[in-house]
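Here the structure is laid out as structure tokens; the discussion comes afterwards.
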Amino acid sequence: MKLIDLISFLHTVAPAHFQEDYDNAGLIVGNSQAEIKGVLVCLDAIEEVVDEAISLGCNVIVSHHPIIFRGIKQLNGKNYIERTIIKAIKNDIAIFAIHTNLDNVYFSGVNGKICEKIGLIHTSILSPKPYVHYLDSEVGAGMIGQLKKPVNVIEFLTNLKEVMQLKTIKHTRLLDRDIFKVAVCGGAGGFLLNDAKKRGADIFITSDYKYHEYFDADGDIVIADIGHYESEKYTIELLYDLIINNFSTFAAHYTKIVTNPIKYF
Ligand SMILES: [Zn+2]
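With our numbering applied, the sequence shown covers 4 to 268.
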């Protein structure tokens, strides 16, 4: 099985052209014609993950975040990005990223996985791209859905902590109403707040909120910042399951390394 076959399959799930302009998803390091020996799935293809791939005998890393976002003019190992790339090339390891294209699809996407964990039903894309459809569904950022029945907000947050395995939730003032409609966006989703409000969400679950942005909740909605890594960590499970359910000619693993650069004391 060649790497191109895996890439083609993953692009049937999340076509490359659905990625945002700022993104750099795709085959970042490696030869698409290489024979796959093993695949390691991760959120962040950092140096330690390349080491893990080497120890597992994997020559392909499937990562959510692209290790390279901007242009590189020199490659001498002065930072973690360059060291990761050099190590991958030296060890004949390919790095493929499936990022905002996986964020933007309805089926088997980052946000669908979050909705599944929370138990949302009647889900739809929160901010659909106009005139873009894929398999009869909308394409775009975030997702919104509803709970089977309205739930007390404390009960909801307690359950959210459990299902997303969170140490903490940073949130705005709780409102005097139950939670029924829930908007989600894995990663930095602050730009979707108005969409979440317009669609009548009681709570917006996302990450990477800054101090002043929390004020924008403005008594209309609860903003819950659960952390970037935490919001997307089940993307690893999503990609791993997609791969093992569709390929049997090579071994697939998911990383055991917590690549979250943010630590809690
Ligand atoms: Zn992310």
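Glycine included, each C-beta is placed from N, C-alpha and C at the ideal position.
Buried or exposed: where does residue i fall if 16 or more other Cβ atoms within 10 Å of its Cβ makes it buried?
i: Val-135; result: exposed
i: His-231; result: buried
i: Gly-112; result: buried
i: Lys-5; result: exposed
i: Tyr-212; result: buried
Taking the C-alpha atoms as reference points, what is the distance between residue i and residue j?
i: Ile-92; j: Ile-98; result: 9 Å
i: Tyr-267; j: His-102; result: 26 Å
i: Ile-247; j: Gly-60; result: 17 Å
i: Phe-250; j: Asn-155; result: 43 Å
i: Leu-9; j: His-256; result: 14 Å
i: Thr-175; j: Val-261; result: 27 Å
i: Val-65; j: Ala-28; result: 11 Å
i: Leu-163; j: Tyr-109; result: 21 Å
i: Ala-204; j: Glu-38; result: 47 Å
i: Ser-35; j: Tyr-237; result: 26 Å
i: Asp-244; j: Asn-94; result: 26 Å
i: Lys-116; j: Leu-13; result: 16 Å
i: Ser-11; j: Val-53; result: 23 Å
Ends of the beta strand (DSSP E) at residue i?
i: Glu-23; result: Glu-23 -> no beta strand (DSSP E), and no H or E assigned at all.
i: His-256; result: 254–257
i: Ser-130; result: 124–137
i: Asp-228; result: 225–228
i: Val-185; result: 182–191
Name the two residues that bound the continuous alpha helix (DSSP H) containing residue i.
i: Ala-91; result: 83–93
i: His-102; result: Note, His-102: premise wrong, no alpha helix (DSSP H); not H, not E.
- prompt: Contact between the stretch 35–51 and the stretch 123–132: three or more CB pairs below 8 Å?
  reply: By the criterion of at least three beta-carbon pairs nearer than 8 Å, the stretch 35–51 is not in contact with the stretch 123–132.
query: Does the count of Cβ pairs from the stretch 11–26 and the stretch 78–87 closer than 8 Å reach three?
result: no
query: When the Cβ atoms of the stretch 199–213 are set against those of the stretch 223–230, are three or more pairs found closer than 8 Å?
result: yes
The stretch 179–186 in contact with the stretch 137–153 per 3-pair CB rule at 8 Å: A contact exists between the stretch 179–186 and the stretch 137–153.
message: Please enumerate, following chain order, all residues with a beta carbon closer than 6 Å to at least one heavy atom belonging to ligand 1.
response: His-68, Gly-190, His-231 and Glu-235
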